[in-house]
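The structure appears right after this line, and notes come after that.
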Amino acid sequence: GPKVLQIPSHQIIDMGQMVTLNCDPVSNHLYFYWYKQILGQQMEFLVNFYNGKVMEKSKLFKDQFSVERPDGSYFTLKIQPTALEDSAVYFCASSTDWGGGQDTQYFGPGTRLLVL
Amino acid sequence: AQKVTQTQTSISVMEKTTVTMDCVYETQDSSYFLFWYKQTASGEIVFLIRQDSYKKENATVGHYSLNFQKPKSSIGLIITATQIEDSAVYFCAMREVDYNVGDNSKLIWGLGTSLVVNP
Numbered sequence: 028g029p030k031v032l033q034i035p036s037h038q039i040i041d042m043g044q045m046v047t048l049n050c051d052p053v054s055n056h057l058y059f060y061w062y063k064q065i066l067g068q069q070m071e072f073l074v075n076f077y078n079g080k081v082m083e084k085s086k087l088f089k090d091q092f093s094v095e096r097p098d099g100s101y102f103t104l105k106i107q108p109t110a111l112e113d114s115a116v117y118f119c120a121s122s123t124d125w126g127g128g129q130d131t132q133y134f135g136p137g138t139r140l141l142v143l
Numbered sequence: 044a045q046k047v048t049q050t051q052t053s054i055s056v057m058e059k060t061t062v063t064m065d066c067v068y069e070t071q072d073s074s075y076f077l078f079w080y081k082q083t084a085s086g087e088i089v090f091l092i093r094q095d096s097y098k099k100e101n102a103t104v105g106h107y108s109l110n111f112q113k114p115k116s117s118i119g120l121i122i123t124a125t126q127i128e129d130s131a132v133y134f135c136a137m138r139e140v141d142y143n144v145g146d147n148s149k150l151i152w153g154l155g156t157s158l159v160v161n162p
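Those sequence lines, one after another, are chains A and B.
Quick note, the first sequence lines up with residues 28 to 143 if you use our numbering.
Quick note, the second sequence lines up with residues 44 to 162 if you use our numbering.
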């Protein structure tokens with residue numbers, strides 16, 4: 028199936044530092060998403076991004092979080108400053124905007140973030 | 044409120060048998076979309092199959108098929124002729140129609156069912 032790439036695969040940082048998670052979505056996809064998965068818990072939606080704008084976000088998408096995709100490069104999730112509870116696996120996903128059944132979200136392999 | 048429930052925490056089966064994984068959902072929408080993904084041991088999340096609520100025929104892709112029972116808000120995943128490599132965690136997810144976002148709204152996920160296929 029379509030491939031979404033994520034860089035880095037693992038990241039360990041100290042609490043309070045800034046971290047940027049990078050996502051390379053499927054080439055013709057225009058909708059981008061971040062989800063958060065804590066071990067043993069439900070996968071939870073963070074944010075949905077389209078045409079340079081946040082379309083929807085959950086209550087987990089705190090003020091310390093931001094997303095962007097400058098000039099068609101990586102779709103990024105930035106956390107500044109990080110907190111201990113941000114430790115999780117972050118999954119990027121992308122989908123087309125064609126509708127009619129073409130909107131299946133395809134996921135990257137995840138970035139495992141550990142905040143110490 | 045939107046909710047997806049997978050009651051089976053784990054299932055163990057023998058290779059080449061058929062397994063069914065349960066999923067029930069809650070939604071106020073008359074139109075919605077249901078998905079099954081699997082998460083492999085490496086953490087990769089792979090899309091398997093989907094069912095759009097307005098379609099009466101159960102979806103089938105390869106050795107995956109769905110048992111969609113709309114009156115019961117149920118969408119079971121059936122895997123026939125299981126293989127060792129089917130061992131993974133299987134997630135059920137739902138997407139409602141969000142008229143602000145259109146077809147590309149968020150997925151609501153279940154907790155997952157761990158499947159172990161034994162030789």
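From the three backbone atoms N, C-alpha and C, an ideal C-beta is built for every residue, glycine too.
This structure is a prediction, so every number in the text was calculated from the model and none was measured.
Next item on the list: Can you tell me which of A:Ser93, A:Phe76, A:Val46 puts its alpha carbon nearest to the alpha carbon of A:Thr138?
Entry: Numbered from 1 along the first sequence, position 111 holds the residue referred to as residue 138 of chain A. Comparing Cα positions, the closest option is A:Val46.
Next item on the list: Flag B:Ala109 as yes if its beta-carbon sits less than 7 angstroms from any beta-carbon of chain A, otherwise no.
Entry: To locate residue 109 of chain B, count along the second sequence from 1; it is residue 66. A quick correction: the sequence has Leu, not Ala, at residue 109 of chain B. So, not an interface residue.
Next item on the list: Please classify B:Ile127: does DSSP put it in a helix, a strand, or coil?
Entry: Taking the first residue of the second sequence as 1, we reach residue 127 of chain B at position 84. Looking at B:Ile127 - three-state DSSP - the assignment turns out to be helix.
Item checked: Within chain A, the residues that B:Glu87 reaches when beta carbons sit closer than 7 angstroms -> Your numbering for residue 87 of chain B matches position 44 in the second sequence. Here the neighbours are Pro136.
Checklist line | Range covered by the beta strand (DSSP E) that runs through A:Ile65 | finding: Reading the first sequence from its first residue, position 38 is the one you call residue 65 of chain A. Premise fails: A:Ile65 is in no beta strand (DSSP E) and is neither H nor E.
Check: Quick check: the region 30-37 of chain A against the region 106-116 of chain A, are there 3 or more CB pairs under 8 angstroms?
Finding: The region 30-37 of chain A makes no contact with the region 106-116 of chain A, as fewer than three CB pairs between them are under 8 angstroms.
Notebook entry, point to check: A:Gly144 by DSSP, collapsed to three states: which one?
Noted result: The requested residue 144 of chain A does not occur in the structure, where chain A is confined to residues 28 to 143.
Next item on the list: May I ask you to report which of helix, strand or coil DSSP gives A:Leu178?
Entry: Missing from the structure shown is residue 178 of chain A; chain A here goes from 28 to 143 and no further.
Margin query: Please classify B:Gln71 as buried or exposed, where buried requires at least 16 neighbouring CB atoms within 10 angstroms.
Written below: Reading the second sequence from its first residue, position 28 is the one you call residue 71 of chain B. Residue environment for B:Gln71: exposed (fewer than 16 other C-beta atoms within 10 angstroms of its C-beta).
Checklist line | Check whether B:Ala131 and B:His106 have beta carbons under 7 angstroms apart | finding: As a working mapping, residue 131 of chain B is identified with position 88 in the second sequence. As a working mapping, residue 106 of chain B is identified with position 63 in the second sequence. Note that the C-beta distance between B:Ala131 and B:His106 is not below 7 angstroms.
Item checked: Residue-level contact to chain B via CB, A:Gln69, 7 angstroms cutoff -> Numbered from its first residue, the first sequence carries residue 69 of chain A at position 42. Taking Cβ atoms only, chain B reaches closer than 7 angstroms to A:Gln69, which makes this a yes.
Next item on the list: Note down, in chain order, every chain A residue with its Cβ under 9 angstroms from the Cβ of B:Leu150.
Entry: Residue mapping note: residue 150 of chain B aligns to position 107 of the second sequence, counting from 1. Close to B:Leu150, with beta-carbon spacing below 9 angstroms, are these residues of chain A in chain order: Tyr60, Tyr62, Met70, Phe72, Ala120, Gln132.
Next item on the list: Taking only the alpha-carbon atoms, compute the straight-line gap between B:Ile95 and A:Gly43 and give it to the nearest angstrom.
Entry: For the purposes of this step, residue 95 of chain B is identified with residue 52 of the second sequence, where counting begins at 1. For the purposes of this step, residue 43 of chain A is identified with residue 16 of the first sequence, where counting begins at 1. The residue you asked about is not Ile; residue 95 of chain B is Asp in the sequence shown. Straight-line Cα distance between these residues: approximately 43 angstroms.
Notebook entry, point to check: Going by beta carbon distance, what residues of the same chain come within less than 7 angstroms of B:Glu139, once the five residues before and after it are set aside?
Noted result: Start at 1 with the first residue of the second sequence, and residue 139 of chain B comes out as number 96. Hits under 7 angstroms: Gln45, Thr70, Asp72, Tyr75, Ser148.
Checklist line | Cβ distance (whole Å) where A:Leu87 is taken to contact A:Lys63 below 8 angstroms | finding: Within the first sequence, the letter at position 60 stands for residue 87 of chain A. Within the first sequence, the letter at position 36 stands for residue 63 of chain A. With a beta-carbon spacing of about 6 angstroms, A:Leu87 and A:Lys63 fall inside the 8 angstroms limit used to define contacts.
Notebook entry, point to check: What are the partner residues of A:Asn49, as DSSP defines its beta bridges?
Noted result: Against the first sequence, residue 49 of chain A aligns to sequence position 22. Answer is A:Ile34, A:Thr103.
Check: Is it the case that the Cβ atoms of A:Leu73 and A:Ser114 are separated by a distance below 7 angstroms?
Finding: In the first sequence, the residue the question calls residue 73 of chain A occupies position 46. In the first sequence, the residue the question calls residue 114 of chain A occupies position 87. No. Outside cutoff.
Item checked: At least three beta-carbon pairs within less than 8 angstroms, the region 83-92 of chain B to the region 51-67 of chain B -> No, the region 83-92 of chain B does not touch the region 51-67 of chain B.
Check: From B:Tyr133 to B:Ser117, what does the alpha carbon distance come to, in whole angstroms?
Finding: Along the second sequence, one-based indexing puts residue 133 of chain B at 90. Along the second sequence, one-based indexing puts residue 117 of chain B at 74. One C-alpha to the other measures close to 15 angstroms.
Notebook entry, point to check: Which first and last residues belong to the beta strand (DSSP E) in which B:Tyr68 is found?
Noted result: Position 25 of the second sequence, counted from the first residue, corresponds to residue 68 of chain B. Residues 67-69.
Notebook entry, point to check: Going straight from the alpha carbon of B:Ala136 to that of A:Phe92, what length do you get?
Noted result: Start at 1 with the first residue of the second sequence, and residue 136 of chain B comes out as number 93. Start at 1 with the first residue of the first sequence, and residue 92 of chain A comes out as number 65. B:Ala136 and A:Phe92 have their C-alpha atoms some 24 angstroms from each other.
Notebook entry, point to check: Quick one, which of B:Gln51, B:Val62, B:Val47 has its alpha-carbon nearest B:Ile122's?
Noted result: The residue given as residue 122 of chain B occupies position 79 in the second sequence. Per the Cα distances, B:Val62.
Note to self: Once the 5 residues before and after B:Gly119 are set aside, which same chain residues still bring their CB inside 6 angstroms of it?
What the structure shows: Within the second sequence, the letter at position 76 stands for residue 119 of chain B. Around B:Gly119: Thr63, Asp65, Asn110.
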